[in-house]
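Heads up: the sequence lines are chains A and B, in that order.
Taking the UniProt record's numbering, the leading residue of the first sequence gets 1, the next gets one more, and so forth.
Taking the UniProt record's numbering, the leading residue of the second sequence gets 1, the next gets one more, and so forth.
Only one structure is covered here, and it is reproduced in the block below.
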Amino acid sequence: MKPTIPQELIFKIFSWLPTKSLIHFKCIFKFCNSLVLESAFMGVHQCRSITHMDGKKFFIWQHKDYYTIEEKEEGKASCLRIENCSENLLYDHIICVNGLFCCSMKYEECVPIRNPSKKVVTYLPRFIVFAKIGYPGYFY
Amino acid sequence: MVKLKSNDDKEFEVEEAAVIQSEMIKNMIEDGCATSVIPLPNIDSKTLIKVIEYLNKHINMGKAAETGEEDDLKEFDEQFVNMGWEELFDVIMAANYLNIHELMELCCQSAADRLKNKSVRAVREMLKITNDLTEEEEQEIINDAPWAFEGPEIDDTVN
Numbered sequence: 001m002k003p004t005i006p007q008e009l010i011f012k013i014f015s016w017l018p019t020k021s022l023i024h025f026k027c028i029f030k031f032c033n034s035l036v037l038e039s040a041f042m043g044v045h046q047c048r049s050i051t052h053m054d055g056k057k058f059f060i061w062q063h064k065d066y067y068t069i070e071e072k073e074e075g076k077a078s079c080l081r082i083e084n085c086s087e088n089l090l091y092d093h094i095i096c097v098n099g100l101f102c103c104s105m106k107y108e109e110c111v112p113i114r115n116p117s118k119k120v121v122t123y124l125p126r127f128i129v130f131a132k133i134g135y136p137g138y139f140y
Numbered sequence: 001m002v003k004l005k006s007n008d009d010k011e012f013e014v015e016e017a018a019v020i021q022s023e024m025i026k027n028m029i030e031d032g033c034a035t036s037v038i039p040l041p042n043i044d045s046k047t048l049i050k051v052i053e054y055l056n057k058h059i060n061m062g063k064a065a066e067t068g069e070e071d072d073l074k075e076f077d078e079q080f081v082n083m084g085w086e087e088l089f090d091v092i093m094a095a096n097y098l099n100i101h102e103l104m105e106l107c108c109q110s111a112a113d114r115l116k117n118k119s120v121r122a123v124r125e126m127l128k129i130t131n132d133l134t135e136e137e138e139q140e141i142i143n144d145a146p147w148a149f150e151g152p153e154i155d156d157t158v159n
């Protein structure tokens, strides 16, 4: 009888999985269900998603829905719909940092930060737009 | 040379430069605990041979960048992970025990590639996990994100 896999190994292997598989595998056992929401794991996973050649993420908008695109090989990509994120808005600016997407409208006062892996949207505090400067920049 | 002994009592001689890619053995050598044979009670000889093959190939990894042998190394890595699931699983357990970072990354990535489209049942079997969720809890997770449980790519085989 082979020993059961230690949880740290599940962490290490799962950090290479695409988001859809991670959500699917929440059903495997309790540890996986909580792992996916653990911030240490999210950090490792998002970092890989950006740096790992198989996991380059893009954020696109089409037919009222938002998608993340994970580039697999050259010319091939998998598409993942982000639920609860279907407002019919065309954003002026979309910036992606560490797997988070910051999208904003020119005159929108609160800038939303979207996390497609967790499907959570957080709003930045209101900022003041200085007319002379024009469009505010992003700092991260 | 450093001598390693597998759990089925076979001894292997490995160059020190190769074996110190294992953080665990490197620490043992630095602490002066590796004077004779290092016993590895968690690793069988078949798995240890694979690990040593990797260590020997990656011995001059720093030099590879200078001499343009990177492609060669990449090809070796691709061939290296081309093994059965059980074998790969054993190498991951050994790499984790010996603390060989690069080998861990390589094998975990390969394992994830094989697991990513598997069904929940198949993953449980492959990772030898017993389900501890109730049917209600499982259904709740599915209801939460039904899109993750659909798709023609989901594969129920376990290899």
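Heads up, the beta-carbon is just placed ideally off N, CA and C, and yes, glycines get one too.
DSSP places D156/B in the coil class of the three-state scheme, outside both helix and strand.
Separation of the CB atoms of K5/B and I52/B is rounded to 12 Å, and the pair is thereby denied contact status at 8 Å.
Secondary structure of K10/B (DSSP, three-state): coil. For the options G84/B, I25/B, N42/B, I100/B, the alpha carbon positioned closest to that of A34/B is the one of I25/B. Put simply, the backbone Cα of I141/B is about 21 Å away from that of A40/A.
For E138/B, the closest of S34/A, I28/A, V44/A by C-alpha to C-alpha distance is I28/A. Here DSSP, grouped into helix, strand and coil, assigns P18/A to coil. For V120/B, the enclosing alpha helix (DSSP H) begins and ends at 120-127. For the segment 33-60 of chain B, there are no residues whose beta carbon sits under 7 Å from a beta carbon of chain A. With a cutoff of 7 Å on beta-carbon distance, K30/A and D132/B are scored as near each other. For L4/B, the secondary structure class from DSSP, reduced to helix, strand or coil, is strand. Near chain A, meaning a CB-to-CB distance below 7 Å, the residues of the segment 83-98 of chain B are I92, N96. Residues of the same chain with a CB within less than 7 Å of the CB of I20/B, apart from the 5 flanking positions on each side, are K26, I29 in chain order. For a cut-off of 8 Å, the C-beta gap from A111/B to V158/B is around 13 Å, too long to register as a contact. For the segment 15-40 of chain A, the set of residues with a beta-carbon nearer than 9 Å to any beta-carbon of chain B comprises S15, W16, L17, P18, T19, K20, S21, L22, I23, H24, F25, K26, C27, I28, F29, K30, F31, C32, N33, in chain order. Under the criterion of beta carbons closer than 8 Å, S22/B and L98/B qualify as touching, at roughly 4 Å. V2/B has its alpha-carbon roughly 6 Å from the corresponding atom of E16/B. Secondary structure note for I38/B: its beta strand (DSSP E) is the uninterrupted segment 37-39. The alpha-carbon separation between L9/A and S36/B amounts to approximately 30 Å.
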